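First comes the structure, then the notes that go with it.
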Amino acid sequence: NAGVMQNPRHLVRRRGQEARLRCSPMKGHSHVYWYRQLPEEGLKFMVYLQKENIIDESGMPKERFSAEFPKEGPSILRIQQVVRGDSAAYFCASSPQVNTEAFFGQGTRLTVV
Amino acid sequence: AQSVSQHNHHVILSEAASLELGCNYSYGGTVNLFWYVQYPGQHLQLLLKYFSGDPLVKGIKGFEAEFIKSKFSFNLRKPSVQWSDTAEYFCAVNSGGYQKVTFGTGTKLQVIP
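Chains as they are written, first to last, in my numbering: chain A, 161 to 273; chain B, 555 to 667.
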């Protein structure tokens, strides 16, 4: 059973471009979480999704950021019109049920130049 | 809102020294507690977790943590560290339900051979 797969591992974008980060949860996991880790900070919760539904997006910036977890395919975190402050490591985690531990992917390191 | 404090940002130890990393959380209700480790260039891995039961939790690689409810603490310990324990350690908490986890800022541990 492959772990949580995130791609790309590294992503470089110019200011104003769009960034798309993908996360394939572990097999059988229908709960997906996105976290962001800014330099020298801990991980901050962004959004929690189940298949086709956003359950909690309280940690998402109000503008430019969106997330989806379609019925088929990976979860996508989309950042429009990126700015330098979006440079961070973005981690995805998945869990099989609501109150069980989540397993993390290796993260996508986004650099905005 | 819940929060997590890790008191030590950087710790340097010699091999065979004992380790204790402090973690305090603020939340008055039922909590689940975690310690994660992130080795250089790798994803977050779960070291141990506390959901209920015995407050002294044994994890992988010889780590353990003790949940002291009265002190809102969940300190991580290892009696004798190895060079391979060099990594960043994150304490985390969630208040039950889904895995919207709040992380501490992390402690970077460097073990000197």
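All C-beta atoms, glycine included, are put in the ideal place defined by N, C-alpha and C.
As the structure is a computational prediction, the values presented were derived from the model and not from experiment.
Check                                                                                                                                                                                                          : Outcome
Below 9 Å on C-beta distance, what does residue 655 of chain B contact in chain A?                                                                                                                             : 193, 195, 203, 205, 253 and 262
For the segment 591-611 of chain B, which residues have a CB atom closer than 7 Å to at least one CB atom of chain A, in sequence order?                                                                       : 596, 597, 598, 600 and 603
Just to confirm before moving on: does the CB-CB distance between residue 579 of chain B and residue 626 of chain B stay below 8 Å?                                                                            : yes
Using 10 angstroms around the beta-carbon of residue 176 of chain A, count the other beta-carbons present and answer buried if the total reaches 16, otherwise exposed.                                        : exposed
Using a 10 Å radius around the Cβ and a threshold of 16 neighbouring Cβ atoms, would you call residue 235 of chain A buried or exposed?                                                                        : buried
For a cutoff of 8 Å on Cβ pairs, would you count residue 216 of chain A as touching chain B?                                                                                                                   : yes
What does residue 659 of chain B reach in chain A if we use C-beta pairs closer than 7 Å?                                                                                                                      : 201 and 202
Among the candidates A/169, A/178 and A/188, whose CA atom is the shortest distance from the CA of residue 258 of chain A?                                                                                     : A/188
Do residue 164 of chain A and residue 233 of chain A have their beta-carbon atoms positioned less than 8 Å apart in this structure?                                                                            : no
Name, please, each residue of chain B whose Cβ falls closer than 8 Å to the Cβ of residue 250 of chain A.                                                                                                      : Within chain B, no residue comes near residue 250 of chain A; the closest Cβ sits about 12 Å away, beyond 8 Å.
Residues of chain B with CB under 8 Å from residue 265 of chain A, in chain order?                                                                                                                             : 597
Taking Cβ positions, are residue 212 of chain A and residue 230 of chain A nearer each other than 8 Å?                                                                                                         : yes
Where does residue 603 of chain B fall in DSSP's three states?                                                                                                                                                 : strand
In chain A, which residues lie less than 9 Å from residue 644 of chain B when you measure between Cβ atoms?                                                                                                    : 202 and 203
Starting from the C-beta of residue 209 of chain A, find all residues in its chain whose C-beta is less than 7 Å away, skip the five residues before and the five after it, and write them out in chain order. : 192, 215, 227, 229 and 235
For residue 644 of chain B versus residue 592 of chain B, is the C-beta spacing smaller than 8 Å?                                                                                                              : yes
To the nearest angstrom, how far is it from the Cα of residue 664 of chain B to the Cα of residue 575 of chain B?                                                                                              : 13 Å
In this structure, what does DSSP give as the bridge partners for residue 232 of chain A?                                                                                                                      : Answer is none; residue 232 of chain A lacks a bridge partner.
Could you work out which residue in B/640, B/647, B/561 and B/588 is closest to residue 595 of chain B when comparing CA atoms only?                                                                           : B/640
What residues match up with residue 622 of chain B in a beta bridge as DSSP calls it?                                                                                                                          : B/627
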